[in-house]
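In our numbering, the protein residues as written are -3 to 515.
All C-beta atoms in this analysis are idealised placements derived from N, C-alpha and C, irrespective of residue type, glycine included.
Everything numeric in this text was worked out from a predicted model, so none of it was measured.
What follows is a short report on a single structure.
In structure tokens form, the structure reads like this:
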């Protein structure tokens, strides 16, 4: 089931505040708490502040169903207790209504649930974006907490960027518009002693319901650094207020589990809907991945690399079903379309498996795609980590189920030579027939930007790379739409954004292409 739009309680609580603060109430966006719904990550604005597609106040505001997104971690000039540095969050909101200007507010909440600021309302024209960042974020300097984005009269998608300029790190995650009582995390890491010793995970859990949480549990499945099996459930306590977020730091996870190391997966369980984002990093690189609220019997990864300009891929996939299942990973070459690797593993409920590209691929410079197929009746969720060990750059993206593929797809932010930032778009055809795919790029004023080789034929299962998305000699920031055949196109894709002008720092993020389907 795919559920979009906020319910009446959320709208009543948020619309009533106008520009005045009031006690906060949030209604989870699930009609049936046990119904499967989808979390899809998107990127954040990575260019100079103000270079995002500008908002335009134009046209009447029609009465359409509202939509909202939860943002479990927001920092505005605040320090991070795990990875260090001064963090700043940018929230980019894109209006996906083709003919209606939407009105958007952003509500900011501390960890105790106190609502301390409201940004907006901001009116955003059709297929335009607005970036809340820095002085325009709408909350005080030093803030650390969570946010809820409300579009009162239309359909929006939210992209969140985390910038840590003094540590040379960046990561993106999507504002979460589909929530559930159980959320799956395919990658959770706890390193020995210090961040420098290995990857760490910091888990942010936001209450997306209308009442304080009465229970909040985390179930871990994996191993320690010495190979000892871990299968345990810990109680994170009660009382998390509606809209507020709880940060489970590596130090606190170690205290609760009495573990000094862990590598595996986790499941967050509570009595009402929550939104979850995990930051992972080493202090040199930083990535973010949202929790999955629903798996698929067949996952797709549009980009897998091995020693491609130094980049490698690590694939994590988790059994999100209630019974044991097999999971078969297959990797395909983008150059030839041939399958180059296949491996099958059996997974207990909640357990995950991890494969690095070097375990399965021997070809230097390899670029391809991957699928993960669950056994009969099984369901899996997964993420792909793209990492360059030499430059210390990394990013995550979520593997998508074939049933969620569609066309057209939207890239809310694409860049070329914009203060060093450039975008590459990877599009995969997961349908059964050939797809003629067209890339169209526009600037902030909606004017077409010249692109080369913008029409591609993509065979079933194959993927294509659009890079650069415009003339590499001309700085550009804008958005893009990827269209397919008039009917039946089944496309998925990602946007990689890399800053090549800043030296060996982790200014590298990835987000998924956005579909325009409302239901």
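Partner residues in the beta bridge of residue 477, as assigned by DSSP, are 406 and 436.
If you compare the alpha carbons of 503, 510 and 507 with that of residue 279, the shortest gap goes to 503.
Assigned with DSSP and collapsed to three states, residue 399 falls in helix. Here the segment 353 to 363 does not lie against the segment 256 to 263, with fewer than 3 beta-carbon pairs under 8 angstroms apart.
Per DSSP, the unbroken alpha helix (DSSP H) holding residue 354 starts and ends at 353 to 356. Taken through DSSP and simplified to helix, strand or coil, residue 381 comes out as strand. A buried status is given to residue 511, since no fewer than 16 other beta-carbon atoms sit within 10 Å of its beta-carbon. Residue pairing by DSSP places residue 125 opposite 90 in a beta bridge. The beta carbon of residue 447 sits closer than 7 angstroms to those of 435, 437, 465 and 466, all from its chain and outside the five residues before and after it, given in chain order. Nearest in C-alpha terms to residue 235, of all of 108, 147, 506 and 152, is 108. For residue 253, the enclosing alpha helix (DSSP H) covers residues 246 to 253. Nearest to residue 283 by alpha-carbon distance, out of 117, 389, 104 and 330, is 389.
Under DSSP, residue 315 takes part in a beta bridge, and its partners are 376.
Contact between residue 178 and residue 203 fails: their C-beta atoms lie close to 14 angstroms from each other, not under 8 angstroms. Annotation for residue 417: the continuous beta strand (DSSP E) segment containing it runs 417 to 425. Here residue 286 is not near residue 78, since their CB atoms are 9 angstroms or more apart.
Residue 156 is bridged by DSSP to 87 and 169. Rounded to whole angstroms, residue 139 and residue 221 show a C-alpha spacing of 35 angstroms. Within the same chain, and ignoring the five residues on either side of residue 371 in sequence, the residues whose Cβ sits closer than 6 angstroms to its Cβ are 321 and 322.
Rounded to the nearest angstrom, the Cβ distance from residue 120 to residue 97 is 7 angstroms, consistent with a contact under 8 angstroms.
Under the 10 Å beta carbon count, residue 87 is surrounded by 16 or more other beta carbons and is classified as buried.
A straight-line Cα-Cα distance of about 45 angstroms links residue 71 and residue 332. Following the DSSP letters along the chain, one finds residue 228 inside the beta strand (DSSP E) bounded by residues 225 to 231. Between the alpha carbons of residue 163 and residue 74 lies a gap of roughly 13 angstroms. In this structure, the beta-carbon distance from residue 445 to residue 432 does not fall below 9 angstroms. Beta-bridge partners assigned by DSSP to residue 74: 83. Under the three-state reduction of DSSP, residue 148 is assigned to coil, being neither helix nor strand.
For residue 335, the enclosing beta strand (DSSP E) has its first and last residue at 335 to 343. Residue pairing for residue 275: DSSP places it in a beta bridge opposite 198 and 284. For residue 382, the closest alpha carbon among the candidates 462, 406, 494 and 103 is that of 494. Taking a cut-off of 8 angstroms on C-beta distances, the segment 334 to 350 does not touch the segment 289 to 309, as fewer than three cross pairs fall below it.
In this structure, the beta-carbon distance from residue 84 to residue 160 falls below 9 angstroms. Linking residue 453 to residue 425 through their CA atoms gives a straight-line distance of about 10 angstroms.
Rounded to whole angstroms, the separation of the alpha carbons of residue 89 and residue 223 is 44 angstroms. Contact between residue 478 and residue 421 is confirmed by a C-beta separation of about 7 angstroms, below the 8 angstroms threshold.
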